[in-house]
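Below is one structure, written out as C-alpha cells, with a few remarks after it.
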Amino acid sequence: MTTPTHTTEAIEALFNEARKFPPPPEFAKHANAQPGIYEEAERDYERFWASWADKLEWMKPYETVLEWNEPFAKWFTGGTLNASVNALDRHVRAGRGTKIAFYYEGEPGDRWTITYSQLLDDVCRFANGLRKLGVKKGDRVAIYMPMIPELPVAMLACARVGAAHSVIFGGFSPDSIVDRVNDSHCVALITADQGWRRGNKVPLKANCDKAMESTPSVRHCIVAKRVGDAVEMQDGRDLWWSDVVAEQPATCEPEPMDAEDLLYLLYTSGTTAKPKGIKHTTAGYLVGVTATHNLVFDLKENDVYWCAADIGWVTGHSYIVYGPLCNGATSVIYEGTPDFPDKDRLWSIVERYKVSILYTAPTAIRTFMKWGAEYPKQHDMSSLRVLGSVGEPINPEAWMWYHEHIGGGRCPVVDTWWQTETGAIMIAPLPGITTLKPGSATKPFPAIQADIVNEQGESVPLGGGGYIVLKRPWPSMLRGIWGDDDRYVHTYWSRFQHMYLAGDGCKRDLEGDYWFMGRIDDVMNVSGHRISTTEVESALVDHPAVAEAAVVGRLDDVTGQAICAFVSIRSGFEGSKELGDELRRHVGEKLGKFTQPKYLTFTQELPKTRSGKIMRRLLRDIAEGRMLGDTTTLADSSIVAELQERAKAAAAAGKDE
Ligand code: WTA
Numbered sequence: 036m037t038t039p040t041h042t043t044e045a046i047e048a049l050f051n052e053a054r055k056f057p058p059p060p061e062f063a064k065h066a067n068a069q070p071g072i073y074e075e076a077e078r079d080y081e082r083f084w085a086s087w088a089d090k091l092e093w094m095k096p097y098e099t100v101l102e103w104n105e106p107f108a109k110w111f112t113g114g115t116l117n118a119s120v121n122a123l124d125r126h127v128r129a130g131r132g133t134k135i136a137f138y139y140e141g142e143p144g145d146r147w148t149i150t151y152s153q154l155l156d157d158v159c160r161f162a163n164g165l166r167k168l169g170v171k172k173g174d175r176v177a178i179y180m181p182m183i184p185e186l187p188v189a190m191l192a193c194a195r196v197g198a199a200h201s202v203i204f205g206g207f208s209p210d211s212i213v214d215r216v217n218d219s220h221c222v223a224l225i226t227a228d229q230g231w232r233r234g235n236k237v238p239l240k241a242n243c244d245k246a247m248e249s250t251p252s253v254r255h256c257i258v259a260k261r262v263g264d265a266v267e268m269q270d271g272r273d274l275w276w277s278d279v280v281a282e283q284p285a286t287c288e289p290e291p292m293d294a295e296d297l298l299y300l301l302y303t304s305g306t307t308a309k310p311k312g313i314k315h316t317t318a319g320y321l322v323g324v325t326a327t328h329n330l331v332f333d334l335k336e337n338d339v340y341w342c343a344a345d346i347g348w349v350t351g352h353s354y355i356v357y358g359p360l361c362n363g364a365t366s367v368i369y370e371g372t373p374d375f376p377d378k379d380r381l382w383s384i385v386e387r388y389k390v391s392i393l394y395t396a397p398t399a400i401r402t403f404m405k406w407g408a409e410y411p412k413q414h415d416m417s418s419l420r421v422l423g424s425v426g427e428p429i430n431p432e433a434w435m436w437y438h439e440h441i442g443g444g445r446c447p448v449v450d451t452w453w454q455t456e457t458g459a460i461m462i463a464p465l466p467g468i469t470t471l472k473p474g475s476a477t478k479p480f481p482a483i484q485a486d487i488v489n490e491q492g493e494s495v496p497l498g499g500g501g502y503i504v505l506k507r508p509w510p511s512m513l514r515g516i517w518g519d520d521d522r523y524v525h526t527y528w529s530r531f532q533h534m535y536l537a538g539d540g541c542k543r544d545l546e547g548d549y550w551f552m553g554r555i556d557d558v559m560n561v562s563g564h565r566i567s568t569t570e571v572e573s574a575l576v577d578h579p580a581v582a583e584a585a586v587v588g589r590l591d592d593v594t595g596q597a598i599c600a601f602v603s604i605r606s607g608f609e610g611s612k613e614l615g616d617e618l619r620r621h622v623g624e625k626l627g628k629f630t631q632p633k634y635l636t637f638t639q640e641l642p643k644t645r646s647g648k649i650m651r652r653l654l655r656d657i658a659e660g661r662m663l664g665d666t667t668t669l670a671d672s673s674i675v676a677e678l679q680e681r682a683k684a685a686a687a688a689g690k691d692e
C-alpha cells in the first residue's frame with residue numbers, strides 16, 4: 036500500500052477522537068429508517084433492494100432481482116422502465132405537479148422556481164427536439180453546461196429518448212472534451228453560450244468550438260442562452276436551445292428501456308492518463324440513489340433539500356438529479372461560487388428557501404471555517420435539520436464546526452462515503468439510528484457488505500486498517516468501463532478474489548465504525564475532485580520545455596490535497612517563475628484550470644531507483660516536508676537535499692498565492 040494521504044499524526048489524532056453524538060430522540064422517533072433495518076436487509080439483501088425497486092414505476096415488471104456473473108451484475112432483468120418517467124411523470128400523475136422540483140438561483144441573483152409539471156413539459160419539449168435531430172435510443176450525447184436548469188432538463192430528455200448522457204464538468208478544457216466525446220462517439224454536444232463563475236464569464240461554447248474541430252461524431256451542438264454575449268454559430272451544426280424546443284409539444288412518448296440499458300456514462304480519473312467512462316444502467320442505479328437519498332438524508336415530503344455540488348460530478352447526478360427527483364423532493368440549484376458577491380452567499384440561500392437538508396464537501400466546510408462563523412451567523416438557519424458531507428475524508432475539526440456553526444448543534448451530520456463507480460452512498464450513518472463520531476463515515480448502508488482487508492485479502496480484525504472492499508453486488512454498481520471490460524476487471528476485481536477494490540485506505544474502530552484515510556493509488560483528491568497524477572504529468576511533459584515530470588498530492592488544510600509537481604527541464608530552458616506560470620497555464624489548457632499544480636519545483640533530475648522508477652513516496656515525503664525514510668535504493672542521493680530545499684521554497688511561494 037502506498038502512503039495514505041493522512042500523516043501518521045493525523046491518523047493517531049483520528050483515533051483519539053472520542054466524541055459521540057447519538058441521534059436526538061425526537062429525530063429518531065420520526066426517522067425514515069428505524070432500528071431493525073440492517074438485520075432485515077441482511078436476512079435477504081435481494082429482497083431489501085427489490086422492495087425499493089417496487090417503489091419505482093415499471094412499464095413491464097422485472098422477473099429476476101439479480102443475475103450475478105462476477106464481476107458483471109444484472110439487476111431487475113426482464114423489466115422495462117424510463118428514468119424520466121420515474122423522475123417526473125409519476126409525481127405529476129399522482130397530483131403533485133404543482134410541487135416545486137427546483138428553486139433555481141443564478142450567480143447574478145436571478146431566481147425562479149420550477150414545478151414538477153413545468154419540468155416535465157420542458158423535458159418533453161427538449162426530448163422531442165432531440166428526436167427530431169435524429170438522436171435515438173442507444174446513442175450517446177455529451178453535455179457541457181453551467182449549473183442552469185437546462186442541464187437537468189438535457190439529462191432527463193436524453194433518458195426519455197433512450198440516449199445515454201455523458202456530462203462533462205464545465206471546468207474541463209477543450210482537449211478533455213475531445214477525449215471524452217471521442218471515446219464514446221457522442222452524436223451531439225449540448226452546451227450554453229457562457230456560464231457565470233465568480234462574476235466572470237466562462238467561455239463554454241468557445242471551448243466546444245475548439246473541441247469540435249476534433250470530434251467527427253458530433254452532428255449537432257445545441258446551445259442554451261445563459262449570459263447573452265454573441266457566440267459563433269456554425270450553420271447546419273449549431274442550434275439554439277430555444278429553436279430546438281420551439282413548436283415542440285409538451286408531451287413526449289418515453290422510450291421503454293430495459294432495466295440494464297445504459298442510463299449514462301461519467302468519466303473519472305484512474306491511474307493512467309486515459310479517463311474511464313463509468314457505465315451506469317437504468318433500474319439498479321435508480322434503486323440505489325432513491326433508497327440512499329431517502330434513508331441517509333431522512334427525506335420528508337416538506338423538506339427543502341440542497342446538494343451544493345456540481346452536476347458535472349457523480350454527486351450531482353445521484354443527489355441533485357436522479358435521487359431527489361425520483362423521491363419527489365424539492366431541491367435548490369445554485370449556479371455559482373460561495374463567495375459571490377460575498378462569503379455569506381450559501382447561508383443567504385439557506386435562509387431564503389428555508390433549506391432543511393444541506394449536502395456539501397469538506398473542502399467547502401474548511402473554507403467556511405477559514406472565513407469565520409460570522410458569515411453563517413448573519414442568517415437565520417433554523418430550518419436546517421440534517422447536514423451531509425461527501426467527497427473526501429472530513430477531519431473532526433471540520434465536522435465539529437459544521438455541526439455547531441451551520442447545524443446549530445442540533446442537526447445530525449451524515450458523512451457519506453462512495454464513488455462514481457458505486458453510483459450511490461455505500462458507507463454512511465442513518466441519522467435516526469446511528470451514533471455519530473466526528474470524522475467517521477460510520478457503517479455500511481443496509482444490504483452493503485463492506486470489509487477491510489490486508490495485502491493478502493484477509494479481513495482485518497476491528498481496530499485495524501487496510502483496503503476497503505465490497506463483497507457483494509449492489510444495484511447502483513458500475514456495469515463496467517465504456518469499451519474496456521478488461522480494465523474494469525483489472526482495476527476493481529483482480530487484486531482480491533470476489534471483492535470489489537475501491538482504492539481507498541480505511542480503518543475500522545473497535546465498534547466497527549469506518550474511518551477513511553484517502554486514496555491508496557496515484558489518484559489525488561483536490562477539493563473533492565479526483566485527479567490522476569499521470570494525467571497531470573502527461574500534460575506537463577507535453578510542453579516542449581519539460582523533460583520529465585512527477586506529480587504527487589500534498590496535504591492541504593483547505594483542499595484536502597494540493598497538486599505538487601516536480602519538473603526537470605530540457606537544456607536550453609530555464610526554470611524561472613515565468614516558465615512555472617506557463618506550465619501551469621499549459622496544464623490548465625490541456626486538462627482544466629482546476630488541475631493546475633499549486634506547487635511546482637524545478638529539478639535537474641527526478642529521484643529514481645536504480646531500475647529507473649520515479650520514487651513517488653520519496654517525493655511525497657519531500658512535498659510534505661517529512662523526515663525522509665530509507666533512501667538507499669536511490670540512484671543519485673545528492674539530488675534529494677537539493678530537492679528538499681527547492682520544495683521548501685515552492686511551498687513558501689505556494690502559500691503566498
Ligand atoms: C473519496 C464522489 C472519505 C474517496 C462521491 C473515493 C471520500 C473518491 C468520501 C470518490 C468520504 C468520497 N470520506 N473519502 N465521505 N467521499 N471520498 O468518484 O477517495 O468523485 O474513492 O465520487 O472520493 O470520488 P468520486
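Residue numbers (our numbering): 36 to 692. C-beta: ideal position from N, C-alpha, C; glycine also. Keep in mind the model is a prediction, meaning the values are calculated, not measured.
Check	Outcome
Assigned secondary structure, residue 621 (DSSP; H/G/I helix, E/B strand, else coil)	helix
Top-ranked residue by Cα proximity to residue 203, from 313, 140, 542, 126	313
Option nearest residue 178 by Cα separation, candidates 167, 160, 163, 206	206
Pairwise C-alpha distance: residue 461 and residue 534	15 Å
Among 541, 430, 642, nearest to residue 401 - alpha-carbon criterion	430
Cβ-based burial, residue 116 [other Cβ within 10 Å; buried from 16]	buried
N- and C-terminal bounds of the alpha helix (DSSP H) containing residue 357	Careful: residue 357 lies outside any alpha helix (DSSP H) and carries neither H nor E.
Residue 277 and residue 136 closer than 8 Å at C-beta	no
Residue closest to residue 499, alpha-carbon to alpha-carbon, out of 512, 547, 54	547
Where residue 539 sits in the DSSP three-state scheme	strand
Distance CB(residue 443)-CB(residue 417) smaller than 8 Å	yes
Residue 424: CB within 7 Å of a non-hydrogen atom of the ligand WTA	yes
For residue 465 and residue 564, the rounded distance between their alpha carbons	25 Å
Counterpart residues of residue 315 in DSSP-defined beta bridges	299
Buried or exposed (CB count within 10 angstroms, at least 16 for buried), residue 145	exposed
Rounded C-alpha distance that separates residue 451 from residue 523	24 Å
Nearest residue (CA-CA) to residue 687, options 633, 653, 645	633
Secondary structure of residue 204, DSSP reduced to three states	coil
Local conformation of residue 346 per DSSP, three classes	coil
C-beta atoms of residue 25 and residue 622 nearer than 8 Å	Because the chain is modelled from 36 through 692, residue 25 falls outside the range shown and cannot be assessed.
Residue 694 Cβ short of 7 Å to the ligand WTA heavy atom set	Any question about residue 694 goes unanswered here, given that the chain covers just 36 to 692.
For residue 153, the first and last residue of its enclosing alpha helix (DSSP H)	151-167
Distance between residue 653 and residue 173 (C-alpha atoms, nearest Å)	47 Å
Residue interval of the beta strand (DSSP E) (run including residue 586)	581-591
Beta-carbon proximity check, residue 253 vs residue 227, cutoff 8 Å	no
Per-residue DSSP class, three states only, for residue 512	coil
Check: residue 131 C-beta below 7 Å from any heavy atom of the ligand WTA	no
Residue 37 in three-state terms, based on DSSP	For residue 37, the pLDDT reaches just 40, beneath the cut-off of 50, and the residue's location in the model is therefore unreliable, although a value from the coordinates is still provided. If DSSP states are grouped into helix, strand and coil, residue 37 belongs with coil.
Cβ-based neighbour list, residue 510, same chain, cut-off 6 Å, excluding 5 preceding and 5 following	84, 110, 319, 322, 323
Residues that residue 292 bridges to, as DSSP identifies them	116
Three-way DSSP call (helix, strand, coil) for residue 675 in this model	helix
Where residue 61 sits in the DSSP three-state scheme	helix
First through last residue of the alpha helix (DSSP H) which encompasses residue 570	568-576
As assigned by DSSP and simplified to three states, the class of residue 479	strand
Touch test, the segment 285-292 against the segment 244-251, Cβ-Cβ under 8 Å, three pairs minimum	no
Distance cut-off 7 Å: residue 551 Cβ against heavy atoms of the ligand WTA	yes
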